[in-house]
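Student: Okay, here's the structure, questions in a sec.
Residue numbers (our numbering): 1 to 845.
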């Protein structure tokens, strides 16, 4: 009997598995996977099979100059067990919540780095991009499955979504692409909530996952999901206004609960973005000025760019994305990214024409026309970019939202055509003419042959699409129409694959291998000849073929030996800089594991930035997001003030008035600052911040910074010379005989040290002033002040003291408590729902 039961159980399992495999959706997803695999093999051919890495040094230079160095630093700290939420290897120091620590794809990359090493980690970036494309396709297919679309429509639309312009353009910035996956999943669970489907209870969990990924994009996703929820509820029939309001408010409560569940990460990230960085600061304009900013039209060039980028993201590249002339309003990334296939443009325009005769309620039609009007106003005027950028200056980074809308409508239109729906021939011709204009402009501007080839392919596929749509205007036979729809699907594949591949061609990329050292001089000479060529294509292609020695320089053994030598020799907290560039302009310290001051950060600490603007603007390089010291090495006073004690150099003869030769390790020389370079200083006299800001010049800044500490409520002075009159001789002597010494931290979030003070005074720590730091002096908690505009400081009484500086990410404790409470609330609310469902079932029985 038992054997029969086991046998029948196995049969049922096999039958279920067989039924699952024969499901149209499963077969469609398998085909989608194979099709995307083939497509990605072509799009990323140079990265999978060639010598390129998906790390750029052209308009996408953030990847090379910033992101991979941040990832390398995180991986190195994880590998040696020194990871903490503060990192001194990045500039003067940075809160690690600046980065997307909980992006699941970056976590996978970190894992690869920990196992294989940071250099090998870089080889897998393109693989992770392909993985994102696959997951985006499946996520969008799942979302479309909440509606009654046909399987072919879901499949071809999900394919287009996976290769949409936002993921292939902004996805080059790694964490930016992940939002293309999270957003349809949020809409999916929102739709389950609206339709009261199984799984609706997980809506807050999806918001939670998005919340721990990125505050910046979670805000955009929540704003768009809130609008989606509002319009979908308005579309529903059979509800009173009271019921609609209740349903909407309950949906908003679910989203708020999800954010609450994510507070353990969301709150610390929000603290960095909103309170430390100056990135999202508004200009403080009044309401009327703000409204004028929102509704004043963009420039004519913006609208021309927007029209072109509906048909391709690569019509304005000119002679490449490095140093060649381009035709963008802002740049390749920041101009609106709107491409998700040429077919999508045709069908979205058609949707507006056929909607009034569509088989849906008048209420639904009115709501959809309202959505169309909102999208038109939001994209055509700055109001959309302003609202989605935290009501600050408008950006176009929210257009991932539009990809979902455009392709959702495309899926509806494809089924509409499959069922014999009529199309508007005039609009087909109008879009074809607009397309022709866009591709003609792009072809004229294209410098490289690869861009022209792509435009020709887009033109041919666009014309074929227009022809197919025109045929559908006249042909009624369902079988013939299905054949035409199949042809359009093939054309779409060619269309998006050609466009997708072009995003990754003619790029200045990091190579998997360096140019051999023995031919480096020869290859550099060839590069210089190309760069000065009269032939524009050769001239602008030079950057693409520039010889590389990144890995050789970044991972040179003698540099690591230098750092180990200094670590054994000097137990104090010192900083190291170089008088040359290894692999990046300003982020070598993150990749090579030393504490410097150079950095590149688009969410820079606002206090430090203000100090640099006021006192040492020459630290800025190219813009206010780069600080570099290699070009300021001669200023050894600044080096001493910021704690730069040692300089690594290829020059064995330093300027002995500023640095002395300490030792040689390999082909590198270690120079030591002749001044007393410390990461902390002692003062007995204070001045006000306002005095420092008003008086500071290149001529007197050493006196202002060296003789007194600037505090928010310090003493007002009218001239730098007044400082000496404020300090009696005995006070000056006491100050000179006092000192503050910091020990080299084992983990960067904990800094110990000692103070010898021969008079009451102040300690200035060359650590960025930022919430989260706390101080104890001799075990007693002490107040931290803001010193010299950008740094930590405190009052110190006369005597010898021990100090302890500790960093805890601001918002982490409160966020942890909030998350626990919201998870408890979530669990209780889900249990309540389960009990209610059981009660209903038992009552029905």
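Backbone N, C-alpha and C fix where the C-beta goes; we use that ideal spot for every residue, glycine too.
Only a predicted model underlies this, so the values are computations on that prediction, with no experimental measurement involved.
1) Under 8 angstroms, with one C-beta from each stretch per pair, do the segment 48–66 and the segment 557–566 reach the 3-pair mark?
2) Taking 8 angstroms as the cut-off, decide whether the C-beta atoms of residue 305 and residue 316 are in contact.
3) Do you know how far the Cα of residue 797 is from the Cα of residue 648?
4) Quick one: Cα of residue 549 to Cα of residue 673, how far?
5) Measuring only the C-alpha atoms, how far is residue 546 from residue 708?
6) Closer than 6 angstroms by C-beta to residue 414: which residues in its own chain qualify, once you throw out the five before and the five after it? Chain order, please.
7) Verify whether the separation of the beta carbon atoms of residue 627 and residue 91 is less than 8 angstroms.
8) Note the first and the last residue of the continuous beta strand (DSSP E) segment covering residue 672.
9) Give the straight-line distance between the Cα atoms of residue 155 and residue 35, rounded to the nearest whole angstrom.
10) Can you tell me whether DSSP reads residue 67 as helix, strand or coil?
11) Would residue 826 and residue 107 be called neighbours here (beta carbons separated by less than 8 angstroms)?
12) Given residue 427, which residues of its chain have a CB within under 7 angstroms of its CB, disregarding the five upstream and five downstream residues?
13) What does DSSP give as the partner residues of residue 773 in its beta bridges?
14) Using the Cα positions of residue 247 and residue 241, report the straight-line distance between them to the nearest angstrom.
15) Just to confirm my understanding: we take residue 263, look at its own chain, exclude 5 residues before and 5 after, and list those with CB closer than 6 angstroms. What are they?
16) Take the Cβ of residue 851 as the centre, count every other Cβ of all protein chains shown within 10 Å, and call the residue buried at 16 or more, exposed below.
17) List the whole-angstrom C-beta distance separating residue 463 from residue 471, where the pair is believed to meet the contact cut-off of C-beta under 8 angstroms.
18) Is it right to say residue 599 is buried, meaning 16 or more other beta carbons lie within 10 angstroms of its own, or is it exposed?
19) Would you list the residues sitting across from residue 765 in a DSSP beta bridge?
20) Using DSSP bridges, identify the partner residues of residue 756.
21) Please state whether DSSP places residue 97 in a helix, a strand or coil.
22) Determine, using beta-carbon pairs with one atom in the segment 646–663 and one in the segment 608–624, whether at least three such pairs fall under 8 angstroms.
23) In terms of residue numbering, what span does the beta strand (DSSP E) encompassing residue 664 cover?
24) Under DSSP, the alpha helix (DSSP H) around residue 568 begins and ends at which residues?
25) Quick one: grab the DSSP three-state call for residue 814.
26) Okay, do the segment 267–276 and the segment 204–218 touch, 3+ Cβ pairs below 8 angstroms being the bar?
27) Check whether the Cβ atoms of residue 685 and residue 726 lie closer than 8 angstroms to each other.
28) Taking the alpha-carbon positions, what's the residue 308 to residue 75 distance?
29) With DSSP as the reference, label residue 150 as helix, strand or coil.
30) Where do the ends of the beta strand (DSSP E) carrying residue 787 lie?
31) Would you report the Cα separation of residue 38 and residue 32, rounded to the nearest angstrom?
32) By DSSP, does residue 335 sit in helix, in strand, or in coil?
33) Locate the beta strand (DSSP E) running through residue 687, then write down its first and last residues.
34) Specify whether the segment 431–450 and the segment 388–406 touch according to this definition: at least 3 beta carbon pairs, one from each stretch, less than 8 angstroms apart.
35) Pairs of beta-carbons, one from the segment 114–134 and one from the segment 164–179, closer than 8 angstroms: are there three or more?
36) Can you look up residue 573 in the DSSP assignment and give me helix, strand or coil?
Tutor: Working from what's here:
1) No, they do not touch.
2) Yes. Within cutoff.
3) Cα to Cα, the separation comes out at about 37 angstroms.
4) Using only the alpha carbons, I get a separation of about 29 angstroms.
5) Roughly 48 angstroms separates the two Cα atoms.
6) Beyond the five residues adjoining it in sequence on each side, residue 414 comes within less than 6 angstroms, by CB distance, of 153 in the same chain, given in chain order.
7) One thing to note: residue 627 has its Cβ within 8 angstroms of the Cβ of residue 91.
8) Residues 668–673.
9) Inter-residue distance for residue 155 and residue 35 is about 10 angstroms (C-alpha atoms, whole angstroms).
10) Residue 67 carries a helical assignment under DSSP once its states are collapsed to helix, strand and coil.
11) Result no, Cβ atoms of residue 826 and residue 107 do not sit closer than 8 angstroms.
12) Setting aside the 5 residues that flank it on each side, residue 427 is surrounded in the same chain by 349, 350, 353, each with a C-beta closer than 7 angstroms to its C-beta; the list follows chain order.
13) Residue 773 is bridged to 807.
14) Looking at the two C-alpha atoms, the distance is approximately 10 angstroms.
15) Same-chain partners within the cutoff: 815, 818, 819.
16) Absent from the model: residue 851. The displayed extent of the chain is 1 to 845, so no value can be given.
17) Contact doesn't hold; Cβ gap of about 13 angstroms is too wide.
18) Residue burial annotation: residue 599 is buried, with at least 16 other C-beta atoms found within 10 angstroms of its C-beta.
19) Paired residues: 680, 792.
20) For residue 756, which the question treats as bridged, DSSP gives the partners 739, 800.
21) Looking at residue 97 - three-state DSSP - the assignment turns out to be helix.
22) The answer is no - the segment 608–624 does not touch the segment 646–663, with fewer than three Cβ pairs under 8 angstroms.
23) Where residue 664 is concerned, the enclosing beta strand (DSSP E) stretches over 659–665.
24) 557–569 is the extent of the alpha helix (DSSP H) around residue 568.
25) Helix at residue 814.
26) Contact between the segment 267–276 and the segment 204–218 is established, with three or more Cβ pairs separated by less than 8 angstroms.
27) The Cβ atoms of residue 685 and residue 726 lie closer than 8 angstroms to each other.
28) Straight-line Cα distance between these residues: approximately 41 angstroms.
29) Residue 150: coil per DSSP, three-state reduction.
30) It spans 785–787 - the beta strand (DSSP E) in which residue 787 sits, taken as one unbroken run.
31) So the two alpha carbons sit approximately 10 angstroms from each other.
32) Here residue 335 sits in coil by DSSP.
33) From DSSP, the beta strand (DSSP E) with residue 687 extends over 686–688.
34) Here the segment 431–450 does not lie against the segment 388–406, with fewer than 3 beta-carbon pairs under 8 angstroms apart.
35) Yes: the two stretches touch, three or more of their Cβ pairs being nearer than 8 angstroms.
36) Residue 573 carries a coil assignment under DSSP once its states are collapsed to helix, strand and coil.
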